[in-house]
Amino acid sequence: MFAYLVRRVIGAVVLLFIVTAVTFAIFFQVPKLGGATADDLASRYVGKSAGAAQIHETAVRLGFTDPLYEQYGRFVKGLFVGQEYNYGPSTEHCPAPCFGYSFLTQQPVWPDLVARLPVTASLAGGAAFIWLVTGVGTGIISALRRGSVLDRSLMSVALAGVSLPIFFTGLLSLSIFSYGLGWTVAGGTNPMDETNPIWWAYSLLLPWVTLAFLYAASYARLTRAGMLETMNEDFVRTARAKGLTERTVVMKHGLRSALTPILTIFGLDLGLLMGGAILTETTFSLPGIGQYAVIALRVNDLPKVLGVTLVAAFFIVLANLIVDLLYAVVDPRVRIS
Amino acid sequence: MTENQDSVVQRVQRGEAFLDVRDLRVHFPTDDGLVKSVDGISFQLERGKTLGIVGESGSGKSVTSMAIMGLHGRGGARITGEIFLDGQDLVASTPEEVRLLRGKRMAMIFQDPLSAMHPFYTVGAQIVEAYRVHNQVTKKVARKHAIDMLDRVGIPQPDKRVDAYPHQFSGGMRQRAMIAMALSCDPDLLIADEPTTALDVTVQAQILDLIRDLQREFNSAVIIITHDLGVVAELADDIQVMYGGRAIEYGTAEDIFDSPQHPYTWGLLGSMPRIDRERTERLIPIKGTPPSLINIPQGCAFNPRCNYAHLNGGASETDRPELLDIGSGHKVACHLSPQQRQHAWETDIKPKL
Amino acid sequence: MSIEEIDSTAVPGVVPPALGEELLSVEGLVKHFPIRKGLLQRQSGAVQAVDGLTFNVTRGETLSLVGESGCGKTTTGRLLTRLLEPTAGKIVFEGRDISHLSEGKMRPLRRDVQMIFQDPYGSLNPRHTVGKIIGAPYKLQNVKTEHGVKRAVQELLELVGLSPEHYNRYPHEFSGGQRQRIGIARTLALRPKLIVADEPVSALDVSIQAQVVNLLEDLQKEFDLTYVMIAHDLSVVRHVSDRVAVMYLGKIVEIADRVSLYEKPMHPYTVALLSAVPVPDTKRKGNVKRIRLEGDVPSPINPPPACRFHTRCWKAQDICKTTEPPLLQLAPGHQAACHFPENQPGGESTIPVSTAQAK
Chain Z
28 MFAYLVRRVI
38 GAVVLLFIVT
48 AVTFAIFFQV
58 PKLGGATADD
68 LASRYVGKSA
78 GAAQIHETAV
88 RLGFTDPLYE
98 QYGRFVKGLF
108 VGQEYNYGPS
118 TEHCPAPCFG
128 YSFLTQQPVW
138 PDLVARLPVT
148 ASLAGGAAFI
158 WLVTGVGTGI
168 ISALRRGSVL
178 DRSLMSVALA
188 GVSLPIFFTG
198 LLSLSIFSYG
208 LGWTVAGGTN
218 PMDETNPIWW
228 AYSLLLPWVT
238 LAFLYAASYA
248 RLTRAGMLET
258 MNEDFVRTAR
268 AKGLTERTVV
278 MKHGLRSALT
288 PILTIFGLDL
298 GLLMGGAILT
308 ETTFSLPGIG
318 QYAVIALRVN
328 DLPKVLGVTL
338 VAAFFIVLAN
348 LIVDLLYAVV
358 DPRVRIS
Chain D
2 MTENQDSVVQ
12 RVQRGEAFLD
22 VRDLRVHFPT
32 DDGLVKSVDG
42 ISFQLERGKT
52 LGIVGESGSG
62 KSVTSMAIMG
72 LHGRGGARIT
82 GEIFLDGQDL
92 VASTPEEVRL
102 LRGKRMAMIF
112 QDPLSAMHPF
122 YTVGAQIVEA
132 YRVHNQVTKK
142 VARKHAIDML
152 DRVGIPQPDK
162 RVDAYPHQFS
172 GGMRQRAMIA
182 MALSCDPDLL
192 IADEPTTALD
202 VTVQAQILDL
212 IRDLQREFNS
222 AVIIITHDLG
232 VVAELADDIQ
242 VMYGGRAIEY
252 GTAEDIFDSP
262 QHPYTWGLLG
272 SMPRIDRERT
282 ERLIPIKGTP
292 PSLINIPQGC
302 AFNPRCNYAH
312 LNGGASETDR
322 PELLDIGSGH
332 KVACHLSPQQ
342 RQHAWETDIK
352 PKL
Chain H
4 MSIEEIDSTA
14 VPGVVPPALG
24 EELLSVEGLV
34 KHFPIRKGLL
44 QRQSGAVQAV
54 DGLTFNVTRG
64 ETLSLVGESG
74 CGKTTTGRLL
84 TRLLEPTAGK
94 IVFEGRDISH
104 LSEGKMRPLR
114 RDVQMIFQDP
124 YGSLNPRHTV
134 GKIIGAPYKL
144 QNVKTEHGVK
154 RAVQELLELV
164 GLSPEHYNRY
174 PHEFSGGQRQ
184 RIGIARTLAL
194 RPKLIVADEP
204 VSALDVSIQA
214 QVVNLLEDLQ
224 KEFDLTYVMI
234 AHDLSVVRHV
244 SDRVAVMYLG
254 KIVEIADRVS
264 LYEKPMHPYT
274 VALLSAVPVP
284 DTKRKGNVKR
294 IRLEGDVPSP
304 INPPPACRFH
314 TRCWKAQDIC
324 KTTEPPLLQL
334 APGHQAACHF
344 PENQPGGEST
354 IPVSTAQAK
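Protein chains in written order, with this note's numbering: chain Z, 28 to 364; chain D, 2 to 354; chain H, 4 to 362.
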């Protein structure tokens with residue numbers, strides 16, 4: 028088990044390096060392959076009136092003229108020991124973990140990410156709780172009442188949930204509950220502005236529900252399918268043959284098996300959202316990681332994009348690892364072999 | 002006089018034997034039509050006795066056992082008839098009443114012990130669960146009981162094995178653990194549905210011994226359901242042969258093996274190679290295939306596969322033969338006259354077995 | 004015999020072995036499946052599925068491999084058809100070593116060596132018609148048939164007792180027995196010389212089992228087929244086999260012709276196996292001399308040393324734990340690997356009374 032864990036962690040670290048290397052190459056090497064010079068890259072990060080010499084100076088300052096492996100080496104070194112950053116007038120030390128400085132605002136990326144992470148985490152965590160409870164609950168009820176009117180209507184709602192995009196349900200709910208009825212706050216509110224947890228929950232309520240609706244729908248369908256399958260298993264028949272109440276049969280024997288595959292998907296979904304719920308954050312103007320990525324991409328601010336990519340990849344890899352370990356906890360068959 | 006009548010009424014209402022199944026029918030409505038999995042069977046079983054139910058896939062033998070246990074969901078099956086367990090009609094009882102009997106007064110063991118045990122819970126936890134549903138005891142007492150039960154079914158080091166998971170057991174040990182679980186509440190009726198089919202032959206012999214020993218010890222009634230005539234010969238006192246959802250022959254094990262009366266029973270005996278006899282050059286198979294339960298042949302369900310159906314002047318194709326007593330409790334559902342059956346058995350079948 | 008070295012299937016005119024001559028021989032066949040463990044995934048052990056088999060199969064006979072789960076009989080079948088590559092040892096088919104032939108070089112040989120599987124449900128593609136399934140071998144091997152593939156398939160269908168009109172139907176429209184017939188028809192399409200049948204009847208109902216057993220016997224007579232039958236049902240094995248090899252934990256413990264194996268079994272394991280078979284005869288109930296083996300088959304990952312059966316054997320002595328008994332010819336055509344064999348010519352049976360009685 029320990030060897031397995033060590034192997035997995037090493038694998039995860041290697042994977043993260045590959046992700047950063049590939050991202051790095053896409054931003055810094057692919058344009059060069061397309062014929063752009065280091066100066067062309069740098070021209071975006073100086074004023075419109077800048078002359079060729081000034082552009083070249085910027086290119087040298089940002090390191091674009093160095094070979095790619097040196098640039099990547101500097102980036103990796105920055106992550107672990109920090110890095111000196113020359114932004115023109117003076118040089119500043121950027122402590123580890125240094126994700127670099129924005130090419131445009133000259134601000135370090137890491138503090139931005141740290142400031143925005145709680146928003147994304149609140150959004151993802153709250154929504155995950157809601158969709159897990161409602162989605163799985165709906166799935167169980169549907170499976171136990173298979174073919175009934177209730178099952179059919181729940182599954183129709185779920186189908187709608189799966190097919191309607193966030194920006195549709197998000198804008199619709201904003202216009203009804205926020206602008207129309209005034210029950211919730213408008214978009215653009217930062218839930219972290221005050222330390223009051225009620226305010227926090229209140230301001231996130233609409234994004235939570237909107238995001239959870241999408242996921243709950245697919246979880247309901249997954250749970251239903253999983254329950255229908257496990258309730259036909261031999262061990263469920265055995266549980267009934269023992270004389271257990273139907274409630275125990277369903278909750279203890281059926282659900283535990285049916286939920287195991289859902290656990291995997293849940294971990295991955297949550298990991299994915301931690302790297303930024305781009306559509307939800309944009310729709311509700313929440314200052315999270317996803318919104319940050321969108322802004323950075325729009326203006327080609329590469330260090331920011333790189334930072335978000337690395338954070339997102341980190342959470343996905345971490346979630347994957349946790350899921351695999353949890354699997355071993357849930358299913359004793361995995362534990363032994 | 003009145004007293005006598007009362008006792009008759011009593012027997013009609015409460016069943017005559019410990020387990021008294023009367024005209025049991027289990028029908029499943031499906032999109033393709035009504036599936037008559039079990040279509041009118043009756044039998045009786047006393048404590049300490051073993052009934053073997055023999056038949057091929059689709060003959061209704063497993064559906065019968067599930068009906069007794071009340072394991073057919075409320076939605077699917079239409080169950081009619083009466084199943085008296087110690088005087089209580091299970092068909093007329095509420096699901097909750099039947100649940101309270103399940104595991105306590107009647108228990109069941111299944112074919113594949115690996116899939117029949119929950120892979121996520123230890124063997125001990127599953128036995129404890131079975132015991133505590135019906136007994137108000139602490140976990141500690143129940144665990145002690147589980148260890149005792151494992152010991153009784155011959156699992157070595159039961160105090161350690163109680164915490165093992167099913168996949169850590171071998172096939173034979175798993176089936177022993179299943180038996181321990183089924184017997185944990187000391188049931189009066191044990192139903193074993195193909196209990197050894199998934200096991201190797203040396204392990205099968207161990208399990209059959211175990212079931213026989215435990216039956217003597219617990220004095221329970223046992224129903225053993227199997228396709229293997231060898232297995233019923235080992236265990237059963239009485240045998241019911243099923244075909245197409247109905248019993249076609251019923252008798253003591255000696256009746257069935259020494260003087261079988263139904264052409265289907267003959268067919269089963271002729272189909273199986275015998276290790277205890279001279280090797281025959283050729284097996285005598287039954288022609289054709291078992292019937293679809295949606296579309297059971299008119300008349301005798303076996304008539305399209307029967308070599309003697311032509312002797313009955315068309316009755317085989319039109320009239321369904323009733324299961325009638327031909328003497329001393331040996332019952333057969335066949336249009337052939339006793340003389341014809343005697344003749345066919347003595348000349349065509351017996352010499353070739 | 005330099006002619007033996009030429010690929011007999013590719014060269015017309017090469018005389019195949021006549022009936023009674025050796026068709027297949029196996030020498031020291033070993034298959035270990037490695038188990039990897041730890042940080043570096045180093046091989047920490049191996050499942051010794053098959054561990055040194057030597058036997059031969061003569062043309063026209065039926066050799067059965069019997070034993071309990073984990074004895075390696077299925078792995079052996081897969082090695083013979085080269086669905087698996089042996090770890091060591093030699094498989095010689097018609098005089099040609101096929102143990103390590105590449106996939107491409109095996110291809111022509113696949114016409115001669117075919118396999119029938121246990122599960123008639125899983126081994127037929129549900130989306131293909133029966134015609135396509137049975138005709139597939141012709142396409143794969145580029146075989147031209149005299150009157151076209153359809154005609155050839157319909158003839159095969161009749162041969163196995165199905166109707167030619169079934170050509171356009173799908174597998175799910177058939178019963179289990181009929182599906183096994185379809186599987187057999189597919190196997191026969193290329194007129195193989197050797198058929199390895201892995202539990203061909205054990206998934207079928209008793210009445211259907213007999214039909215398929217009879218069919219296999221008829222086909223053997225008609226086409227001079229050679230069968231290697233893998234089975235666990237000793238009654239069926241006795242009915243169909245000419246010779247029987249009993250396997251235990253990857254080794255052959257006894258191999259003999261049918262009559263002497265069933266009437267005078269020498270290896271204690273064989274004796275125990277035979278006495279465990281339930282018999283449909285009520286007169287035997289209760290008063291049979293039974294040998295009850297204790298416990299289960301040990302794991303093939305870490306099999307007992309020397310004689311692998313010694314942990315469950317009632318005759319085991321110290322020598323059984325230290326010296327592996329070789330497979331020796333103890334009677335004409337009868338080999339067993341045991342230090343203290345039963346039923347030796349002139350010897351006495353030593354089945355102990357204490358274990359003979361049912362508990």
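Backbone N, C-alpha and C fix where the C-beta goes; we use that ideal spot for every residue, glycine too.
Spell out whether any CB of chain D is found under 8 Å from the CB atom of residue 310 (chain Z).
-> no
Quick one: list the residues of chain D neighbouring residue 276 (chain H), beta-carbon separation under 7 Å, in chain order.
-> 202, 203
Leaving out the 5 sequence neighbours to the left and right, which residues in its chain are closer than 7 Å to residue 134 (chain D) when beta-carbon positions are compared?
-> 104
Euclidean distance between Cα positions of residue 361 (chain Z) and residue 168 (chain D) = 11 Å
Contacting residues, own chain, Cβ-Cβ under 8 Å from residue 195 (chain H) (five flanking each side not counted) | 114, 115, 116, 117, 228
Minimum Cβ-Cβ distance from residue 232 (chain D) to chain H less than 8 Å = yes
Could you tell me the boundaries of the beta strand (DSSP E) in which residue 30 (chain D) lies?
-> 20–31
Using a C-beta cutoff of 8 Å, does residue 103 (chain D) count as contacting chain Z?
-> yes
What does DSSP give as the partner residues of residue 251 (chain H) in its beta bridges?
-> H:254
Taking only beta-carbon atoms, is residue 134 (chain D) less than 8 Å away from chain Z?
-> yes
Span separating the alpha-carbon of residue 136 (chain D) from that of residue 269 (chain Z) = 12 Å
Okay, do the region 50–60 of chain D and the region 337–346 of chain Z touch, 3+ Cβ pairs below 8 Å being the bar?
-> no
Kindly list, in the order they appear in chain D, the residues whose Cβ is closer than 9 Å to that of residue 284 (chain Z).
-> 119, 120, 121
Can you give the Cα-Cα distance for residue 36 (chain D) and residue 25 (chain D), rounded to whole angstroms?
-> 14 Å
Say whether chain D places a C-beta atom closer than 8 Å to the C-beta of residue 238 (chain H).
-> yes
Would you mind telling me which residues of chain H sit closer than 8 Å to residue 290 (chain D), beta carbon to beta carbon, in chain order?
-> 178, 180, 181, 211
Nearest-angstrom beta carbon gap, residue 270 (chain D) and residue 230 (chain D) [assumed within contact, 8 Å] | 7 Å
Which chain D residues sit within Cβ distance under 8 Å of residue 279 (chain H)?
-> 202, 203, 205, 206
Can the beta-carbon of residue 325 (chain Z) be found closer than 8 Å to that of residue 255 (chain Z)?
-> no
Who are the Cβ neighbours of residue 446 (chain Z) in its own chain at under 6 Å, not counting the five residues just before and after it?
-> One cannot answer for residue 446 (chain Z) here, as it falls past the ends of chain Z, which runs 28 to 364.
Report the residues of the region 263–290 of chain Z with a CB closer than 9 Å to any CB of chain C, ordered along the chain.
-> Any reference to chain C falls outside this structure, whose protein chains are Z, D and H.
Starting from the C-beta of residue 257 (chain D), find all residues in its chain whose C-beta is less than 6 Å away, skip the five residues before and the five after it, and write them out in chain order.
-> 240
Pairwise C-alpha distance: residue 94 (chain D) and residue 124 (chain D) = 31 Å
Would you check if the region 257–267 of chain D and the region 336–353 of chain D touch, i.e. whether three or more CB-CB distances between them fall below 8 Å?
-> yes
Ordered list of alpha helix (DSSP H) runs contained in the region 259–319 of chain D, each at least 4 residues = 264–272, 316–319
What whole-angstrom Cβ distance do residue 118 (chain D) and residue 174 (chain D) have, given they're in contact under 8 Å?
-> So it is not a contact: roughly 11 Å between Cβ atoms.
Please say whether residue 243 (chain H) and residue 216 (chain H) have beta carbons closer to each other than 8 Å?
-> yes
Sub-8 Å separation of residue 302 (chain Z) and residue 316 (chain Z) beta-carbons = yes
Who are the Cβ neighbours of residue 78 (chain D) in its own chain at under 6 Å, not counting the five residues just before and after it?
-> 27, 29
Within chain D, partners of residue 235 (chain H) - CB distance below 8 Å = 201, 202
Does the region 179–187 of chain Z come close enough to the region 325–340 of chain Z that 3 or more CB-CB pairs lie under 8 Å?
-> no
By Cβ distance, which residues of its chain are closer than 7 Å to residue 51 (chain H), with the 5 residues on each side in sequence left out?
-> 35, 253, 303, 306
What do you get for residue 206 (chain Z), buried or exposed, if any count of 16 or more other CB atoms within 10 angstroms of its CB means buried?
-> exposed
Any C-beta of chain H under 8 Å from that of residue 310 (chain D) = no
Taking the alpha-carbon positions, what's the residue 132 (chain H) to residue 276 (chain H) distance?
-> 42 Å
Between the CA atoms of residue 164 (chain D) and residue 359 (chain Z) - distance to the nearest angstrom | 12 Å
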